Every structure is written in structure tokens, then in C-alpha cells.
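K.L.:
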Amino acid sequence: MESQDFRVYPYRWVVLAVYGLSTAVIQLMWTTFFSITTASWRFYGFADAASGENAISLFSIIFMAGMIVLSLPSLSCFERFGFKNSVGFGVALTGASALFRGVLGDSYAMALVATVGFAVAQPFILNAPGLVAGKWFPEGERATANGVGLLCSYVGMCVGLLLTPVLVDGGMGIKSMLLLYGIVGAATAALFIALAKEAPPTPPCPAERAKRSDFAVGLRFALGKRDFILCAVAFFCMLGVFNTFFTMIEPILRQLSGGSVDATQAGVIGVIILGVGVVSSFVISLASDKDRLHRRRPYMIACTLVGTLGFGTILFADGFGGMVVAAIFYGFFIVGSAPLVLTFAAESAYPTSEGTTEGLLMFAGNIAGVVFLGAAALFRGNHFSLMAGLLAANLIAVALMWISRETKLATSKA
């Protein structure tokens, strides 16, 4: 017999809002230089494009390395120190690093130091959407809460891709832009520290279902669950494809279009993918939450399959217009279904903490980014073959989801 001493608090939306803002800001810091690479290496005084582009790319590599090295320690911190202290550390470090870069960021060496700070902070922020959902939201809202967390991550990337060139081209200059972003980072840290709370006074579901195992026990339990492993490998494929495609989006699209898609149009296609992913991450999660049985698997399979077909269409799309259509399908169905995959993983590994399960998936996905980008060099500039390989990876993800099984948490009886 389950205890009925539980309640859902309206303040959960405040906690989710300040957490979502924090995820958007760390992604803004990551994507700051993506769309102004040439202006950036010139600003830092590099003599040629080859060395300059490598130098600017190093900022992104440091971010990815931070996620790989610190994902597991961040999960342990979630269990030991809780949500507010752990995420608060990441948000505070982001604010401090952003201000440091804003003040001293005209030096490339100091910008690298600030990026190391961002890289350390990132896992403590991005690995926590399931922790917020598990502590504050009932089962019927958890996929939606996960969707909002990832939605904000996509919004931060879009802002970085679009706002940065607007500010720089509008005459603000890179130095002033970095200072503005520093102020935004510090203000976000202040908001999170002031408004975030660890957990509601009573859990949002029956107490027996709110219990979570500690990190070590939960980690061993999750890694022993067949369906969690299948989901983790599927997410490895999906995030590896996403990271590789976005890292190389301009040369890939330029070659596939025969040169008709330029760098600006490639950037627009990237923003379209993220933009529709922002919308659909909410729509798809809400549809699953409103499902009478709260099913995840059929929605997950259908979305990934349709999104994979959209991704494959990029290979044969006719110019910019055709690639936009393909990008919409890829963004809506695969990027938008990511929170559902994370929710499925968390439920398949219950009672392992949501922070642990999502951190493991993000850890796997970032390793995939490094592996896939390394493998991309083997294609020696043949981006058609590279895209075919990425398409195959997405199809593997669909197959793994197909052989997985729906995992349902116990539901209380009236």
C-alpha cells in the first residue's frame, strides 16, 4: 500500500525556469564563436586561416573534453550534495568565468582559461534536467519538464549562433560582446542562487516512488539493465551524429549542394534544426505525457525513424530549399525527441537517480562526438560518404529502440 502523503507545488515551474535559463546561458557560452570564426581568429591576432580556425575550434574541444572527464564526478556530486548545491556550483562558475572572459577576453590565453571554467561547470548544469523533473514533477509531467530543460539548451545555442554575429557586425565588437555575455552569465548565477530550491516539502508522487538509490548502487543497477543499455547506445549514436554534423555543417552542406549553399545559409539551416527542435521537444514530450498509459517507446521509435529519413534526405536535397525541408524533419523528429529518450532511460533504470541516468547518456553522447569526429577524418573530405555513415548510425539507433521494452513505474490505485 503506497502512502498518499504527496503534493505537486506550483513553485516547480520557478525552479524549472531558473534551471532552464542556466542551461541556455552555458550553451550560449559554448556557441559564442561558432558563427564568427573568421572575425575571432583575426581578433586574436592569428596570421592565417588554418591556424586561426584550429585555435577557435579548440574552445569547442575543451567544452567536449570537460563533459567527458567530469560527467561521472558530477553525477556523484548530485547524489552527495544535492541538486541546488551541485548545479549552483556550475552556474556560479559559469558566471565567474563569463565575467573573467568579458574583462580579459581580448587575450586568447585568458579566453582559454575562461573556457576551461565553462568546461568544468557544464556537466553540473547539463546533466541535471532529469534531477529537476524527478524531484519536483509528477510522473505525468516529467517528460515535459525534461523537454523544457533541453528546449532551453537549444534556445541558448540558437542565440549564440544568431545574436553574436548581429552584435559584432552591428558595431559592438568582440570585446564588448564578451563583456555583455559576462554580465548575462553573472546575472543568471545570481537568479539561480536566489530562487532555486533543493526539493519541495513533500514529494510530487507517493513517497515509495520518490526514493532513489545512491550513486554507486544506482550506477551498478543502471548498467545491469538491458533496456537502459540499449537506450544509452542509441543515444550514443544520435548525439554522435548531431555533434559531428553541427561541427562540420558548413563544409558538408557546401559539398553536397555543389557549392550552392554558402556559409551563411549553412548557419541558417543549423538554426532551423535547433529552432524546430525547440518547439517539438515540448510537443513530443507533452504527447507522451498525455498518453493514457504514459508510453514512451512507440513515440520514440516513430520520431527517430521519421527524423532519420529527413536526415537521409539531406544527401539528395536539391539546393538550399530542399535542405531546409530535410532539416525541418530532422530537427523536429530527432532533436525534438531527445527528452523522451532521456525519460525512457530514467524509467528503465528506476530507482537509479534521474541525474545519474541522464549524466550517463550525456557522457556516452560526448564520447560519441569525439569518436565520430575522429572517424570523419578517415573519409578524407568525402562528405557524401561521411553523411551515409552518420545515416547508418541513426538507423542503428532506431533498431536498438525497436528491440527495447517499455518500462513502467508502478502507479497508485485509487
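Take the sequence shown: its position 367, counted from the start at 1, is 366 in numbering that gives the first Met the number 0, and no numbers get skipped.
All C-beta atoms in this analysis are idealised placements derived from N, C-alpha and C, irrespective of residue type, glycine included.
Here the structure is a predicted model, which means the values were calculated and not measured.
(1) Quick check on DSSP: helix, strand or coil for Phe245?
(2) Report the option in Leu27, Leu255, Ser403 whose CA atom is closest to the CA atom of Cys157.
(3) DSSP state of Met400, grouped into three classes?
(4) Taking Arg493 as the reference, give the member of Leu359, Leu285, Ile248 with the closest Cα.
(5) If you follow the alpha helix (DSSP H) that Pro202 is part of, which residue opens it and which one closes it?
(6) Measuring CB atoms only, is the region 69–77 touching the region 257–271, in the sense that at least three cross pairs come out at less than 8 Å?
(7) Please give the ranges of any beta strand (DSSP E) in the region 315–371, keeping only runs that are unbroken, at least 3 residues long and fully inside the region.
(8) Under the three-state reduction of DSSP, which class applies to His382: helix, strand or coil?
(9) Am I right that Ile25 and Thr93 are in contact with their C-beta atoms under 8 Å? What's the rounded C-beta distance?
(10) Would the region 386–396 count as touching the region 229–237 if we require 3 or more Cβ pairs under 8 Å?
(11) Does the region 341–359 come close enough to the region 369–386 to have 3 or more Cβ pairs within less than 8 Å?
(12) Spatial neighbours of Leu314 within its chain, please: CB distance less than 8 Å, with the 5 preceding and 5 following residues excluded, ordered by chain position.
(13) Are Leu273 and Tyr153 closer than 8 Å when you measure CB to CB?
(14) So for Thr312, helix, strand or coil by DSSP?
(15) Where do the ends of the alpha helix (DSSP H) carrying Ser21 lie?
(16) The alpha helix (DSSP H) spanning Lys196 covers which residue range?
(17) Please report the Cβ distance between Met361 and Met66, rounded to the nearest whole angstrom; I am assuming they are in contact, meaning their Cβ atoms lie under 8 Å.
(18) Using 8 Å as the threshold, is the region 100–114 in touch with the region 177–187, meaning 3 or more CB pairs across them?
(19) What are the start and end residues of the alpha helix (DSSP H) that includes Ala110?
(20) At 4 residues or longer, and completely inside the region 29–100: list those alpha helix (DSSP H) runs for me, N to C.
(21) In or out: Thr143 buried (at least 16 other Cβ within 10 Å) or exposed?
(22) Relative to the C-alpha of Ala35, which residue among Val270, Leu166, Phe310 is closest?
(23) For Gly258, which three-state DSSP category applies?
(24) Excluding five sequence neighbours on each side, which residues of the same chain lie with their C-beta closer than 7 Å to the C-beta of Gly139?
(25) Straight-line CA distance for Leu98 to Gly184?
(26) Hey, how far is the Cα of Arg41 from the Cα of Ala118?
(27) Exposed or buried, Gly223, counting other C-beta atoms within 10 Å across all chains shown (16 or more means buried)?
P.N.:
In brief:
(1) As a first step, residue 245 is located in the sequence shown; it is residue number 246 there, counting from the start. In the structure shown, Phe245 sits in a helix (DSSP, three-state: H, G or I).
(2) In the sequence shown, counting from the first residue as 1, residue 157 sits at position 158. Taking only the C-alpha atoms, the option nearest Cys157 is Leu27.
(3) Residue 400 sits at position 401 when you count from the first residue of the sequence shown. Helix at Met400.
(4) The question about residue 493 has no answer, for the chain in this structure spans 0 to 413.
(5) In the sequence shown, the residue the question calls residue 202 occupies position 203. Note, Pro202: premise wrong, no alpha helix (DSSP H); not H, not E.
(6) no
(7) none
(8) Here residue 382 is taken as the residue at index 383 of the sequence shown, counted from 1. DSSP places His382 in helix when its eight states are reduced to three.
(9) Reading the sequence shown from its first residue, position 26 is the one you call residue 25. Reading the sequence shown from its first residue, position 94 is the one you call residue 93. Sure, about 5 Å apart at Cβ, within 8 Å.
(10) yes
(11) no
(12) Within the sequence shown, numbered from 1, the residue matching residue 314 stands at position 315. Cβ neighbours of Leu314 beyond the five flanking positions: Leu255, Phe383, Met386, Ala387, Leu390.
(13) The sequence position of residue 273 within the sequence shown is 274, counting from 1. The sequence position of residue 153 within the sequence shown is 154, counting from 1. Against a cut-off of 8 Å, the Cβ pair of Tyr153 and Leu273 comes out as a contact.
(14) What you label residue 312 is simply residue 313 of the sequence shown in a count that begins at 1. Note: Thr312 maps to helix in three-state DSSP.
(15) Residue 21 sits at position 22 when you count from the first residue of the sequence shown. That run of the alpha helix (DSSP H) goes 11–29.
(16) Residue 196 sits at position 197 when you count from the first residue of the sequence shown. Run containing Lys196: none; DSSP gives neither H nor E here.
(17) The residue you call residue 361 lines up with position 362 of the sequence shown. The residue you call residue 66 lines up with position 67 of the sequence shown. Correct: roughly 7 Å between the Cβ atoms.
(18) yes
(19) Taking the sequence shown and counting its residues from 1, one reaches residue 110 at position 111. Looking at the DSSP string, the run of the alpha helix (DSSP H) that includes Ala110 is 107–125.
(20) 36–42
(21) Mapped onto the sequence shown, residue 143 falls at position 144. With 16 or more other Cβ atoms within 10 Å, it is buried.
(22) For the purposes of this step, residue 35 is taken as the residue at position 36 of the sequence shown. Residue identity differs from the one stated: residue 35 is Ile in this sequence, not Ala. The shortest Cα separation from Ile35 among Val270, Leu166, Phe310 belongs to Leu166.
(23) Sequence index remark: in the sequence shown, residue 258 carries index 259 (1-based). Correct three-state label for Gly258: coil.
(24) For the purposes of this step, residue 139 is taken as the residue at position 140 of the sequence shown. Closer than 7 Å at Cβ, skipping near neighbours: Asp288, His293.
(25) Here the question's residue 98 lines up with position 99 in the sequence shown. Here the question's residue 184 lines up with position 185 in the sequence shown. For Leu98 and Gly184, the distance between alpha carbons rounds to 7 Å.
(26) Numbered from its first residue, the sequence shown carries residue 41 at position 42. Numbered from its first residue, the sequence shown carries residue 118 at position 119. Taking the straight line joining both Cα atoms gives about 24 Å.
(27) Position 224 of the sequence shown, counting from 1, holds the residue named residue 223. Label assigned to Gly223: exposed.
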